[in-house]
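All remarks here apply to the structure that follows.
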Amino acid sequence: MGVNVKKFRFISGIIITLITSAVVSFIGIIAFVGIIAPHISRMLIGDDHKYSIILSGIIGAFLVVFSDYIGRNLLSPIIIPIGIVISFVGIPIFIYLIINSKRG
């Protein structure tokens, strides 16, 4: 009576992997948005999760729309892929987070 935790984790991992691969194959890779948006919101408002989750979504959406705008207008009529633009925005922020990480 109960759930086999190892089996549940294994099956959940397979399902999550399949769903993620399907989404990436349709939409493409958008690097760093899921990593950077929560960190930026935490830098802005602290550890208050009540507002941090909402602000993370807003920042992530803004990053994607802003990167799309830059990619379409920077070298017009050539369109730069959104993943490349987000990488150029995200890499400096990611390096900043690594350098300033507070590890014991």
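Yeah, the sequence shown ends on 104 if you go by the UniProt record's numbering, and it's all consecutive.
For each residue, glycine too, the CB sits at the ideal point set by N, CA and C.
Would you call the segment 8-21 and the segment 66-79 touching, i.e. three or more CB-CB distances under 8 angstroms? no
So aspartate 91 packs on isoleucine 30, CB below 8 angstroms; how close in whole Å? In the sequence as presented, aspartate is not what sits at residue 91; that position holds isoleucine. About 14 angstroms; that fails the 8 angstroms criterion.
Under the three-state reduction of DSSP, which class applies to aspartate 68: helix, strand or coil? helix
So valine 89 packs on leucine 55, CB below 8 angstroms; how close in whole Å? Going by Cβ atoms, the distance from valine 89 to leucine 55 rounds to 17 angstroms, so no, they are not a contact pair.
Just the C-alpha distance for proline 81 and phenylalanine 8, rounded to the nearest angstrom, thanks. 38 angstroms
Mind checking which residues open and close the alpha helix (DSSP H) that includes valine 33? 33-45
If you reduce the DSSP assignment to three classes, tell me which class lysine 7 lands in. helix
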